[in-house]
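Heads up: the sequence shown at position 175 corresponds to 421 in our numbering, and the numbers run straight through without jumps. In this text, a Cβ means the ideal position worked out from N, Cα and C, and glycines have one as well. All values reported here derive from a predicted model rather than from experimental measurement.
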Amino acid sequence: MLKKYLTDIAFMQILNLLIKPIWILVIDRAVQNTLSLEVYGNYAALFNFSLMFFIILDLGLNGYNTTQISRDTNKIVVLTGNILGLKMILMAIYVLFVFGVGAALGYGTAEFLLLVFLCILQIFTSLNQYLRTIVASLQQFKWDGIFMVLDRILVVILCAFLLWGGIEGWSLTIERFIFAQLAGVFLVTFVLVLFLRNYFRDVRISFDLKTIRPLLQKSWPFALLITLMGLYNYVDSVMLKTMVGNAEAGIYAHGYRLFYAILMFAQIFSGVLLPFFSKNLKDKETINLIASFTAKFLLLVAISAALVSAAYSDQIMDVMYHEKATSQSASSFSFLMFGFIGSVLILVYGTLLTAALELKYLNTAAFITLCINLLLNTQLIPIYGSTGAAIATAISQVLFGTICYTISFMVFNFKPLLINIIKQFFAVGILCVAIFWGKQFCSSVSVHLLMIFITVLIAAYLFKLFQVKDLKTLTRN
């Protein structure tokens, strides 16, 4: 089982390394450079605005579905019929809610037109995520990985045509950028339905309140958690647009897109860990082993990435966005990358607590985090703009991640070793010296990055942060 976990994770990461960098570093970057800061900033704010209410499309059903089917695949037919019926009702509520709040915020005709297509995009994205939970719950992680990147393959092709096709009348606009994404999610929906058709033959979509009500009662803790996390993750762009304008939201999007690209690679682990933890919850030794192994590996990557980003934020933004890059883009990106350290803890230990249905702890922690996030954004955005929003996000991620880590050790009686914590601090100290001191003496960025990579390997070996024997133990078991 553990060997399957490692091989499936490796397969999914390879797929993402092939596709996602092209999407983020080539296509999305080219779109941002082609369009004005105001146009892309408006799109980014509206996109995040539609994401803020994404929970209405889910209400925790995906998390509930994953935990239930992972334990008993015979529930697929009954759960699918009930959940699809409920989702259709939720789609209508979602659209009404988005447009109602948009009207209250004073959005104009042009913004509502974009919201129409963004709502359709979120609806089909939600449907695809639900269908993929079935695939993952069946432990078909490799197929899940394929479905995860399939839409991006089509979008990359379509956007490349719009950006560099050179055909008159088919230049890139923000509307066509959204249409390309719609084509991608439509394709994935069609392929997923074909893949799961044998499980769907006996499915009957139900709108019966007697069957829907129990689903809502069981899934509402998941829904509350996703709502709270969604709010503190996406409210920053909306607050930037409202408080300081589209241009500042566009500057924030520069750093956030790259941060999100890196975060997506870590999120792959979460997608595999939830069904894995749910299925093996009683085996605490295995759970501890896999959680510890994953956390140590991802933290090593996250801390290294955060420190390198802090040292080279200006250069990274210049390479990505050329003349549109600003000092605020760089500072926003630096702070967001330190938030990635907290995100790693959330992805591992937050997922573990979700699998264990310890949602009361998670919801309390998420509510506290949201309150702090809103307070920080309210105070920092008027003064520091996009940088203030990035600081608020970083603090929120680290806070919630630390709480998830602490609660997991309490619930599962894991034994943290003080010596390991001390070793990690020493390793981080050495890495800081290699990055910030080494930068002053290395005239070549390539040479310095190679030196940093070697330092990471040496520190990991000396302080036993990531050992080959751990990998061998997992594979052998």
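Where residue i falls, given that 16 or more other Cβ within 10 Å makes a residue buried
i: K542; result: buried
i: C650; result: buried
i: Q314; result: buried
i: V594; result: buried
i: D318; result: exposed
i: Q385; result: buried
i: Q643; result: buried
i: I629; result: exposed
i: R450; result: exposed
i: F453; result: exposed
i: A641; result: At residue 641 the sequence reads Ile, which differs from the Ala that was named. With 16 or more Cβ atoms within 10 Å of its Cβ, I641 is classed as buried.
i: I637; result: buried
i: F682; result: exposed
i: W269; result: buried
i: G622; result: The sequence as given places Leu at residue 622; Gly does not occur at that position. Label assigned to L622: buried.
i: G675; result: exposed
i: L703; result: exposed
i: G412; result: exposed
Cα-Cα separation, residue i to residue j
i: M697; j: I403; result: 36 angstroms
i: G585; j: T639; result: 7 angstroms
i: V410; j: L620; result: For the sequence presented, residue 410 should be read as Trp rather than Val. Answer to the nearest angstrom: the Cα atoms are 41 angstroms apart.
i: D448; j: V554; result: 53 angstroms
i: T633; j: G346; result: 30 angstroms
i: G287; j: N659; result: 46 angstroms
i: L486; j: G496; result: 9 angstroms
i: S575; j: Y502; result: 9 angstroms
i: L509; j: T355; result: 34 angstroms
i: N723; j: L608; result: Reliability fails at N723, whose pLDDT of 49 lies under 50, so the model's placement of it is uncertain and no value is given.
i: V439; j: R378; result: 10 angstroms
i: M583; j: A556; result: 8 angstroms
i: Y289; j: A705; result: 42 angstroms
i: G476; j: L645; result: 15 angstroms
i: L603; j: Q686; result: 49 angstroms
i: I514; j: D274; result: 20 angstroms
i: G391; j: F257; result: 8 angstroms
i: T597; j: Y353; result: 36 angstroms
i: C617; j: L599; result: 21 angstroms
i: L428; j: G684; result: 46 angstroms
i: N320; j: D482; result: 42 angstroms
Cβ separation of residue i and residue j, assumed to be a contact under 8 angstroms, to the nearest whole Å
i: N311; j: I329; result: 6 angstroms
i: C405; j: A426; result: 5 angstroms
i: I420; j: V272; result: Actually they do not touch by this definition, with Cβ atoms about 18 angstroms apart.
i: I592; j: T473; result: Rounded, the Cβ-Cβ distance is 16 angstroms, inconsistent with contact.
i: S296; j: C365; result: 6 angstroms
i: M298; j: Y480; result: 5 angstroms
i: C305; j: L462; result: One point to set straight first is that residue 305 is Leu, not Cys, in the sequence displayed. At roughly 7 angstroms, the Cβ-Cβ gap stays under 8 angstroms, so L305 and L462 are in contact.
i: L631; j: E494; result: The sequence shown places Gly at residue 631, rather than the Leu named in the question. Sure, about 5 angstroms apart at Cβ, within 8 angstroms.
i: T435; j: F370; result: 6 angstroms
i: F579; j: H500; result: 7 angstroms
i: L520; j: A601; result: 6 angstroms
i: A680; j: T701; result: 4 angstroms
i: L361; j: V344; result: 6 angstroms
**Item:** Complete alpha helix (DSSP H) runs within the segment 551–608 (minimum length 4 residues, chain order)
**Value:** 573–591 and 597–601
**Message:** Just to confirm the assignment: which complete alpha helix (DSSP H) runs, minimum length 4, are found wholly within the segment 285–359?
**Reply:** 301–304, 307–317 and 322–350
**Message:** Runs of 4 residues minimum, wholly inside the segment 430–517: which ones carry the alpha helix (DSSP H) assignment?
**Reply:** 443–446 and 455–490
**Item:** 3-residue-minimum beta strand (DSSP E) runs that sit fully inside the segment 257–283, ordered along the chain
**Value:** none
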